[in-house]
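Participant: Each position in the sequence shown, counted from 1, maps to that position plus 1 in our numbering.
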Amino acid sequence: MAWDFSTEPEFQRQLDWVEEFCRTEVEPLDLVFPGAAYSRAPKARALADPLKQQVKERGLWALFLDRDLGGPGFGQLKLALLNEILGRYRSAPVVFGTAAPDTGNMEMLAAYGTEEQKQRWLYPLMNQEIFSAYSMTEPAGGSDPSLFKTHATRDGDEWVITGEKWFTSAGARADIIFVMCTNGMFVVPRDSPGVEIAEYPALHNHIRYNDVRVPLDHLLGPEDGAKMLAQRRLGGGRIHHAMRTVAQVKLAFDIMCERALSRQSHGKVIAEHQMVQEAIADSYAEINMLRLLVLWTAWTIDNSSTKQARTQIAACKYTCARVLREVSYRALHILGSLGTTDLTPLQAMWAAAPTMAIADGVDEVHKVTVARNVLKGYQPHPGLWPTEYIPARREEARKKYADLIAADPDLAAWADAARNRAARA
Ligand SMILES: Cc1cc2nc3c(=O)[nH]c(=O)nc-3n(C[C@H](O)[C@H](O)[C@H](O)COP(=O)(O)OP(=O)(O)OC[C@H]3O[C@@H](n4cnc5c(N)ncnc54)[C@H](O)[C@@H]3O)c2cc1C
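(1) Considering only the alpha carbon of each residue, which of Q348, Y210, L16 and P10 lies closest to S136?
(2) Rounded to the nearest angstrom, what separates R260 and R245 at their Cα positions?
(3) When you compare the stretch 57 to 67 with the stretch 210 to 228, are there three or more beta-carbon pairs, one atom per stretch, that lie closer than 8 Å?
(4) Does the stretch 354 to 361 come close enough to the stretch 321 to 341 that 3 or more CB-CB pairs lie under 8 Å?
(5) Label I359 either buried or exposed according to how many other C-beta atoms from any shown protein chain fall within 10 Å of its C-beta, with 16 as the threshold for buried.
(6) Measure the Cβ-Cβ separation of L52 and A38 and say whether it is below 9 Å.
(7) Could you check how far apart the C-beta atoms of N106 and F179 are, in whole angstroms? I think they sit under 8 Å.
(8) For A272, I'd like the list of residues in its chain whose CB is within less than 6 Å of its CB, leaving aside the five on either flank, ordered along the chain.
(9) Taking the CB atoms as reference points, tell me whether A248 and G76 lie closer together than 9 Å.
(10) Quick test of the definition: if touching needs 3 or more C-beta pairs under 8 Å, does the stretch 127 to 135 touch the stretch 151 to 165?
(11) Beta carbon of W167, beta carbon of G185: below 9 Å?
(12) Any idea what DSSP makes of D5, helix, strand or coil?
(13) Nearest CA to the CA of P194: which residue from V213, C182, T183 and H205?
(14) Is D364 near ligand 1, with its Cβ less than 8 Å from a heavy atom?
(15) May I ask which residues mark the beginning and end of the alpha helix (DSSP H) holding C182?
(16) Quick check: what's the CA-CA separation for T388 versus L80?
(17) Could you give the DSSP three-state label for M137: helix, strand or coil?
(18) Across the stretch 326 to 339 and the stretch 280 to 293, are there enough close Cβ pairs to call them in contact, namely three or more that are closer than 8 Å?
(19) Nearest to V369 by CA position, among I288, Q380, L385 and A315, is which residue?
(20) How would you label R24, buried or exposed, when you count the other beta carbons within 10 angstroms and need 16 or more for buried?
(21) State the beta-bridge partners of Q265 as determined by DSSP.
(22) Just checking, does the stretch 230 to 239 make contact with the stretch 108 to 116 on the three C-beta pairs under 8 Å criterion?
(23) Are Q313 and L294 touching if we call contact CB-CB under 9 Å?
(24) My assumption, with CB atoms under 8 Å, is that A134 sits in contact with A171. Please give the rounded CB distance.
(25) Compute the distance between the beta-carbons of S92 and A49, then report whether it is under 9 Å.
(26) Measure the C-alpha to C-alpha separation of T163 and G384 and round it to an integer number of angstroms.
(27) Using only the heavy atoms of ligand 1, determine whether one of them is closer than 8 Å to the beta carbon of D145.
(28) For P29, does the count of other Cβ atoms within 10 angstroms reach 16, so buried, or fall short, so exposed?
(29) Could you give the DSSP three-state label for W18: helix, strand or coil?
(30) Considering only heavy atoms of ligand 1, does any lie closer than 8 Å to the CB of V196?
(31) So what does P190 bridge to, in DSSP terms?
(32) Beta-carbon separation of H274 and S284 under 9 Å?
(33) Going by beta carbon distance, what residues of the same chain come within less than 6 Å of K228, once the five residues before and after it are set aside?
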């Protein structure tokens, strides 16, 4: 049976290990030493590195990469199932070597880097010896790449990069920045002369590239290939966000259901109030619709390519933002005053919903992609009426029975009655 919704027992054992490991190792680290998994400070590394080592020994490091690039080569479907666990814990992606923005940058390097570029940047990124950032959005416009102006000019054996970028996540702490120019994707060491990082925003940096010089071999992929590389990078990133969002909304759902069974109001447990039941029932259906959309998309990527799955990935992108917004709001609401505090994960989850609708491209742009691609499978109907115009279809169908209708007055009366009844409606 090809439509199988179960998980292989062997892989389920891996998932069980991941769940236990995250609950007993990753969550305590997050709660007691927040940020330790991302830090380069020796004391933080002493706490986080042994966890990363356990993940490596288990063969679960750099989950998103194929086997020949040093990852386990699970493919996207298994990655989706793993991300449904990792997405619950703040630093699980970095403990498993799958944290953005490095993942997308590594995918670009893996797909388009020369062997020398891979040696120089991909393998150190995989081992978290270095960290990276991605500079695409510009202050003058993010949704429309045709507005981007940052460019590279060739000068002897160097490229000279000039421009201004906005919202480069983790740019200030990155060792290398992938800079999207109008004429190619370039790898820029952050400490290059001319890289000027503005004071704010603090996390998603505003960076000026003031005639920054890099050697010729810092061009990644073909000259003028930046859009192609960006598509490759962002396609993977979007589906990974959606996978982790499934984890987040399931967490919100668990919190909501537990609370609904635990509080009383107006003489009964609040889970018995019908509007609370509606919130639970709607959330249950929406979470499972999102989950199946994400798993189907992951399966499609495994069986074709990220490019082939572009419409599905775009649909995941805006659907995960909507489901996150709706479910986290309902959960927060059902927790009442407690939900409005930062004493549960719900307030931060709900506050993250607008971000999800903007990061990696605003929802509107993805909806346009879906509508345009879907419409390619359709044609306008000839003449005035739609193809499904019932009178026309009935007349066409009557031709199939023409001999019977001509030969049998009872059948003719029946068929005429159906035609006349429709005409009266
Ligand atoms: C948390 C986070 C992390 C990010 N990290 C990075 C990063 O690491 N590197 C990077 O380069 N960028 C990053 N970005 C930037 C992100 O890619 C842009 O914010 C996004 O592409 C939108 O661009 P913008 O912010 O300029 O919004 P705009 O393009 O100004 O859009 C604003 C609004 O205009 C409307 N709009 C725009 N276009 C259309 C359209 N075609 N149809 C209908 N309505 C439209 C929508 O309502 C949209 O929300 C990040 C953003 C966030 C929120």
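The beta carbon of each residue, even a glycine, is placed where N, CA and C say it ideally should be.
Facilitator: In terms of the structure at hand:
(1) Y210
(2) 23 Å
(3) Under the Cβ criterion (8 Å, minimum of three pairs), the stretch 57 to 67 does not count as touching the stretch 210 to 228.
(4) yes
(5) exposed
(6) Yes.
(7) 5 Å
(8) Hits under 6 Å: A261 and L262.
(9) no
(10) no
(11) Contact: no.
(12) The answer is coil: DSSP assigns D5 none of H, G, I, E or B.
(13) V213
(14) Distances between the C-beta of D364 and the heavy atoms of ligand 1 include at least one below 8 Å.
(15) Note, C182: premise wrong, no alpha helix (DSSP H); beta strand (DSSP E) at I177 to C182.
(16) 42 Å
(17) coil
(18) Flag = yes, the stretch 326 to 339 and the stretch 280 to 293 touch.
(19) A315
(20) exposed
(21) V270
(22) yes
(23) yes
(24) Confirmed, Cβ separation roughly 5 Å.
(25) yes
(26) Taking the straight line joining both Cα atoms gives about 55 Å.
(27) yes
(28) exposed
(29) helix
(30) no
(31) I177
(32) no
(33) none
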